[in-house]
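Engineer: Take this structure first; my questions come after.
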Amino acid sequence: MVQGDEQHDAKVATTKKHFVIVGGSLGGLAAGLALRELGHDTTILERNPTPVLEHQGAGIVAGGDTLAFFKKYNRCDRPIAVTSHRRQYLDKDGNVTHKEDMDQNMTSWDLAYYLMRANYDGVENPYCKVPERSLTDGASVHLHNQNVTDIKERDDGLEVFWKSSSGDEGSILADVLVGADGPSSTIRTLLAPEVQRVYAGYCALRGTVLESEVSDAAREAFCERFTFFHCRGVQILAYLIPGKDGTVEPGRRLINFVYYTNFAEGSAELEEIMTDRHGKRHRITLPPGLTDADAWEKQRRIARELLPPQFAEIVCATQKPFVQAVTDVLSPTNEFMHGKVVLIGDALAGFRPHTVASTSQAAFDAMVLADYVDGKLSWEEWKRETLGFARFIQKRGVDMGNRSQFEELPLKEHIHDRNVASVPREKEVYPEWATAI
Ligand SMILES: Cc1cc2nc3c(=O)[nH]c(=O)nc-3n(C[C@H](O)[C@H](O)[C@H](O)COP(=O)(O)OP(=O)(O)OC[C@H]3O[C@@H](n4cnc5c(N)ncnc54)[C@H](O)[C@@H]3O)c2cc1C
Numbered sequence: 032m033v034q035g036d037e038q039h040d041a042k043v044a045t046t047k048k049h050f051v052i053v054g055g056s057l058g059g060l061a062a063g064l065a066l067r068e069l070g071h072d073t074t075i076l077e078r079n080p081t082p083v084l085e086h087q088g089a090g091i092v093a094g095g096d097t098l099a100f101f102k103k104y105n106r107c108d109r110p111i112a113v114t115s116h117r118r119q120y121l122d123k124d125g126n127v128t129h130k131e132d133m134d135q136n137m138t139s140w141d142l143a144y145y146l147m148r149a150n151y152d153g154v155e156n157p158y159c160k161v162p163e164r165s166l167t168d169g170a171s172v173h174l175h176n177q178n179v180t181d182i183k184e185r186d187d188g189l190e191v192f193w194k195s196s197s198g199d200e201g202s203i204l205a206d207v208l209v210g211a212d213g214p215s216s217t218i219r220t221l222l223a224p225e226v227q228r229v230y231a232g233y234c235a236l237r238g239t240v241l242e243s244e245v246s247d248a249a250r251e252a253f254c255e256r257f258t259f260f261h262c263r264g265v266q267i268l269a270y271l272i273p274g275k276d277g278t279v280e281p282g283r284r285l286i287n288f289v290y291y292t293n294f295a296e297g298s299a300e301l302e303e304i305m306t307d308r309h310g311k312r313h314r315i316t317l318p319p320g321l322t323d324a325d326a327w328e329k330q331r332r333i334a335r336e337l338l339p340p341q342f343a344e345i346v347c348a349t350q351k352p353f354v355q356a357v358t359d360v361l362s363p364t365n366e367f368m369h370g371k372v373v374l375i376g377d378a379l380a381g382f383r384p385h386t387v388a389s390t391s392q393a394a395f396d397a398m399v400l401a402d403y404v405d406g407k408l409s410w411e412e413w414k415r416e417t418l419g420f421a422r423f424i425q426k427r428g429v430d431m432g433n434r435s436q437f438e439e440l441p442l443k444e445h446i447h448d449r450n451v452a453s454v455p456r457e458k459e460v461y462p463e464w465a466t467a468i
């Protein structure tokens, strides 16, 4: 054993903890990877009844912290993103009215998820080869069908209670619980029940199409371009992401679109778009392939009337659209029960998607939590970094979204908002209200 390993083992032997992580999506996996690499034992409890999460095949913009996370913790050797080289805006006729050369990396949720699962608990998958575990890694256990329902303080730690879909119940002991259970977080609801997740007044209609199956004009508009269109109450954007099984091979990649359009709270239109083909009303996400045929046909008609032809083409061509109601949520703090419970990612702050920062937040929160646990950051630094990001970007998302959907602004204002959202995190200067602890 090399000297570094002995030092590592000695340090861990005196401080080894068991972290129970609630939620096995990108935030929970990121925390699991970062903490087990310090030698701590980790157990992820995911409520989903199947061993892997079912994905929607949609895109995520891989911001600086997402890339930094994969650089640090990913041991699989394969590309993780497709690079877009230009950001551009179209007018209603489909002409480019503004463009800026700029590299941005786009990935797919499923590729990010399977990379993390391969690294965390060795899940075999068609996206990547499972890498070797390091001898110094702590335990990395992933348990599905465990819906966490309650937590109780016990001496030095916590008891975490879960229920399965078949009614089985159990509990597990933790030194620290990491709540990575998303924007409707059970953990946050138990500890800060006053926090509400609130509908923002518009939805994102989403979908993908194969780049090889669109017209030359659409390929020209979206391939390796991050392209936008704004009009009253509407914003649509599209970019290229990895295709089936994470392929980045030209021709097999997917064009991913996000089409924001207003549906007033309580309106018949909102009920219509959120009700699936079997008559079930979905509160936040209507999954791919379940949209009601008539409701989606109506959206296709509207898209052809309102959007530039390239955008209308991809919206109309998508086979399995899905709908997400855009919501706001922000926890007052990231730490409860004297530090025994920590919230990260969407459980801490659910951003509007315009910020393109949700996965970066999850990755960043996991990395700074690991630095704090490892003694590289003080308690105060960790709190200010985590809360500063959460509060500042959450507010930015609300402002960007409301300006885009509910105000009539010249295009230059939207371009300004988009450019502000691209400022690297290290260069952000958080105001005092954002970092107050
Ligand atoms: C299946 C899935 C697909 C997604 N696809 C995309 C996408 O294509 N593009 C995109 O931009 N974003 C997508 N997201 C959202 C994206 O993952 C997050 O915005 C971001 O990465 C932060 O992740 P998070 O882990 O904090 O929260 P989330 O991704 O919301 O994950 C929360 C997890 O906690 C689990 N959970 C919730 N409550 C409990 C409980 N009581 N007990 C145990 N587990 C619980 C949920 O099942 C979920 O797996 C997706 C999320 C999921 C769950």
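The opening position of the sequence shown corresponds to residue 32 in our numbering, with each subsequent residue numbered one higher.
All C-beta atoms in this analysis are idealised placements derived from N, C-alpha and C, irrespective of residue type, glycine included.
A quick note: this is a predicted structure, and the numbers were derived from the prediction, not measured.
Residue 135 and residue 165 - do their beta-carbons sit closer together than 8 Å?
Structural biologist: no
Engineer: So which of 271, 285, 448 and 343 has the shortest CA-CA distance to residue 429?
Structural biologist: 448
Engineer: Return the bridge partner residues of residue 120 from the DSSP annotation.
Structural biologist: DSSP lists 129 and 259 as partners of residue 120.
Engineer: CA-CA distance, residue 193 and residue 434?
Structural biologist: When rounded, the distance between both Cα atoms is 41 Å.
Engineer: With a threshold of 16 other CB atoms inside 10 Å of the CB of residue 252, please say whether the residue is buried or exposed.
Structural biologist: The residue is buried, with at least 16 neighbouring Cβ atoms inside 10 Å.
Engineer: So, is residue 227 buried or exposed, given that buried needs 16 or more other C-beta atoms within 10 angstroms?
Structural biologist: exposed
Engineer: According to DSSP, is residue 268 part of a helix, a strand, or is it coil?
Structural biologist: DSSP places residue 268 in the strand class (E or B) of the three-state scheme.
Engineer: What is the C-beta distance between residue 231 and residue 422, in whole angstroms, given that I count them as a contact (C-beta under 8 Å)?
Structural biologist: With a Cβ gap of about 17 Å, residue 231 and residue 422 do not count as contacting.
Engineer: Under 7 Å from any heavy atom of ligand 1, does the C-beta of residue 473 make it?
Structural biologist: Residue 473 is absent from the model: the chain starts at 32 and stops at 468.
Engineer: Which ranges would you report for the beta strand (DSSP E) in the segment 65-105 if only whole runs of at least 3 residues count?
Structural biologist: Counting only runs of at least 3 residues, the segment 65-105 fully encloses the following beta strand (DSSP E) elements, listed from N- to C-terminal order: 72-76 and 90-93.
Engineer: Excluding five sequence neighbours on each side, which residues of the same chain lie with their C-beta closer than 7 Å to the C-beta of residue 222?
Structural biologist: 367 and 372
Engineer: Please classify residue 391 as buried or exposed, where buried requires at least 16 other C-beta atoms within 10 Å of its C-beta.
Structural biologist: Burial check for residue 391: the Cβ neighbour count within 10 Å reaches 16 or more, so the residue is buried.
Engineer: Shorter than 7 Å, the distance from the beta carbon of residue 76 to the closest heavy atom of ligand 1, or not?
Structural biologist: yes
Engineer: Quick check on the DSSP output: the alpha helix (DSSP H) that includes residue 419 runs from which residue to which?
Structural biologist: 410-437
Engineer: Closest by CA to residue 169, which one among 157, 241, 101 and 66?
Structural biologist: The shortest C-alpha separation from residue 169 is found at 66.
Engineer: Closest to residue 97 by C-alpha separation, out of 213, 407, 403 and 388, would be which residue?
Structural biologist: 388
Engineer: Kindly indicate which three-state DSSP category residue 180 falls into: helix, strand or coil?
Structural biologist: strand
Engineer: I'd like to confirm the pairing. Which residues does DSSP put opposite residue 203 in its beta bridges?
Structural biologist: 191
Engineer: Suppose you measure from the CA of residue 110 to the CA of residue 187; what does that come to, to the nearest Å?
Structural biologist: 43 Å
Engineer: My output table needs one value for residue 237: the three-state DSSP class, helix, strand or coil.
Structural biologist: strand
Engineer: Is it buried or exposed for residue 359, if we count other Cβ within 10 angstroms and need 16 for buried?
Structural biologist: buried
Engineer: Taking the alpha-carbon of residue 160 as reference, which of 80, 145, 104 and 68 has the nearest alpha-carbon?
Structural biologist: When only C-alpha atoms are compared, the closest one is 145.
Engineer: Ligand 1 and residue 389: does any heavy atom of the ligand fall closer than 7 Å to the residue's C-beta?
Structural biologist: Residue 389 has its Cβ nearer than 7 Å to a heavy atom of ligand 1.
Engineer: Short check: CB of residue 279 to CB of residue 113, under 8 Å?
Structural biologist: yes
Engineer: Leaving out the 5 sequence neighbours to the left and right, which residues in its chain are closer than 7 Å to residue 254 when beta-carbon positions are compared?
Structural biologist: 242 and 271
Engineer: Given 8 Å as the limit, is there contact between the segment 140-155 and the segment 43-63, that is, 3 or more CB pairs closer than that?
Structural biologist: yes
Engineer: Residue 220 by DSSP, collapsed to three states: which one?
Structural biologist: Of the three classes helix, strand and coil, the one that applies to residue 220 here is helix, per DSSP.
Engineer: How about residue 319 and residue 353: do their beta carbons lie closer than 8 Å?
Structural biologist: Remark: C-beta atoms of residue 319 and residue 353 approach each other more closely than 8 Å.
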